[in-house]
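Protein chains in written order, with this note's numbering: chain A, 1 to 112; chain B, 1001 to 1113. Glycine included, C-beta positions come from ideal geometry on N, C-alpha and C. Small disclaimer: the values here were computed from a predicted structure and weren't measured.
Next comes the structure, spelled out in structure tokens:
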């Protein structure tokens, strides 16, 4: 069955360091992958999109990589700040239909 | 302001009652979605709709019903047949162009007493 895995344990890092979050998938051939940020008690907010033919995308302090051979995406936040503390969700999409399949999310805690 | 709204923010229900959660968007999006999120878990798709008067079941549709009479509105009814309805419910919308992201509402937290 299709499976998307994100580290369920919280990631704790020091302010200023780079945070790296992982999204692994099996039995899935996504056409694209999206990353969302979710704060407690609120809806997710879209951050970045990366297509299957793209290796890397950047937006300000954010970087996403997509390795379809390893079936993995990495999400990096450089120069992390306490305000970056949130849960980050990856979501996979295909060319068939307009649905996303979400991973369970990883909670990031950035300590000052 | 353009966006997607959900109401109420918090909802309490007695066992055996049906409740309806509201979702409205003014983004002119064709597609709308309902997700359920349980503590510490990701989003699970309940129902989705890509056009008015048409909708499809998601992964966990049992005990839920929806309607799509207007493009802007996609209400979700949690029926008494849903065995464990206490959860955080999220509504989302998106345009139909390829790769579009989903825009989420603020969510409704439903608690069954």
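- If the five residues before and after residue 23 of chain A are omitted, its C-beta is found closer than 6 Å to the C-beta atoms of 6, 73, 90, 103, all from its own chain and listed in chain order.
- Residue-level contact by beta carbon fails for residue 109 of chain A and chain B, as no gap is shorter than 8 Å.
- Contact check between the stretch 1007–1027 of chain B and the stretch 1035–1045 of chain B: fewer than three CB pairs, one atom from each, fall below 8 Å, which does not count as touching.
- Here residue 1069 of chain B really is in contact with residue 1053 of chain B; their C-beta atoms are around 7 Å apart, less than 8 Å.
- Against chain B, the CB of residue 98 of chain A has a partner CB under 8 Å away; the residue lies at that interface.
- In this structure, residue 1031 of chain B sits near residue 1048 of chain B, with a CB-CB distance shorter than 8 Å.
- Residue 1012 of chain B and residue 62 of chain A have their C-alpha atoms spaced approximately 39 Å apart.
- Of all residues in the stretch 16–36 of chain A, only 32, 34 come within less than 7 Å of chain B when Cβ atoms are compared, listed by chain position.
- Interface criterion met: the Cβ of residue 1031 of chain B is under 8 Å from a Cβ in chain A.
- Taking a Cβ-Cβ cut-off of 7 Å, residue 1010 of chain B has no neighbours in chain A, whose nearest Cβ is about 10 Å from it.
- Exclusion of the five residues before and after residue 30 of chain A leaves 52, 92, 93, 94 as the residues of its chain whose Cβ lies within less than 7 Å of its Cβ.
- Taking residue 34 of chain A as reference, the option from A:85, A:80, A:99 with the minimal CA-CA separation is A:99.
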